[in-house]
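Some notes on the structure that comes next.
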Amino acid sequence: MIIRSPEPEVKILVDRDPIKTSFEEWAKPGHFSRTIAKGPDTTTWIWIWKPTC
4 MIIRSPEPEV KILVDRDPIK TSFEEWAKPG HFSRTIAKGP DTTTWIWIWK
54 PTC
């Protein structure tokens with residue numbers, strides 16, 4: 004015979020829009036930098052970083 008205790012009631016709350024975003028925010032100058040998106044020009048940084056690990 005298996006006796007189980009009653010399971011606790013669980014309430015789940017879901018936020019439908021957790022991150023408030025808008026095109027007005029994205030359109031502001033400086034919000035997104037193309038130089039950051041492009042990435043580094045060389046792989047020198049990885050060769051400097053790797054031996055330090």
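The numbering of the sequence shown is the working numbering, which starts it at 4 and goes up by one. Where is the CB? At the ideal position from N, CA and C, for every residue including glycine. Fair warning: this is a prediction, and the values are worked out from it, not measured in the lab.
Self-check item: V43 in three-state terms, based on DSSP
Solution: Looking at the sequence itself, residue 43 is Pro, so the reference to Val does not match. In the structure shown, P43 sits in coil (DSSP, three-state: anything other than H, G, I, E or B).
Self-check item: Limits of the unbroken alpha helix (DSSP H) element including E27
Solution: F26 to A30
Quiz item: Which value, in whole angstroms, describes the spacing of the CA atoms of E12 and I22?
Solution: So the alpha carbons of these two residues sit roughly 28 Å apart.
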